[in-house]
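One structure is given below, encoded as structure tokens.
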Amino acid sequence: MALLDEQEARAQRQLTTLRADTKPVVREEPIEYAELADQEAGDQTNDVMLAHYRNELAQIDAARERMQEHRYGICIDCGEAIPFLRLQAQPTALRCLTCQAARERKWA
């Protein structure tokens with residue numbers, strides 16, 4: 008649970024920082040095309056990062072829900088226990104290493 012709390016706090020901090028960085032800037036002088044392109048690229052990067060951290064928070068919520076239902080740490084594919092070291096490294100893991108590797112090979 009502590010690892011999930013740490014992961015959640017880190018994701019929340021990142022979201023807060025990204026949100027602050029995406030506030031619109033009001034300019035008095037005209038903006039050049041190159042500067043506008045840089046700004047737009049930065050905005051797109053921020054949008055991707057915001058989506059990433061929102062997804063991470065959703066995964067944390069799902070892990071907590073699995074804890075409540077006594078399903079946390081059980082592989083969703085094979086039903087075996089997910090090794091503790093894997094859960095330490097990836098507290099939101101849904102699959103054991105064997106099943107995760109098989110999934111990645113299938114969808115690669």
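The opening residue of the sequence shown carries number 8 in the working numbering; numbering runs sequentially from there. Ideal placement from N, C-alpha and C gives every residue a C-beta, glycine not left out. Here the structure is a predicted model, which is why all the values come from computation and not from measurement.
Under the assumption that residue 94 contacts residue 100 (Cβ atoms under 8 angstroms), give the Cβ distance between them as a whole number of angstroms.
6 angstroms
Which residue wins for smallest C-alpha separation from residue 98, given the options 28, 20, 21 and 69?
69
Cβ-based burial, residue 27 [other Cβ within 10 Å; buried from 16]:
exposed
To the nearest angstrom, how far is it from the Cα of residue 67 to the Cα of residue 17?
12 angstroms
N-terminal and C-terminal residue of the alpha helix (DSSP H) that residue 106 is part of
104-114
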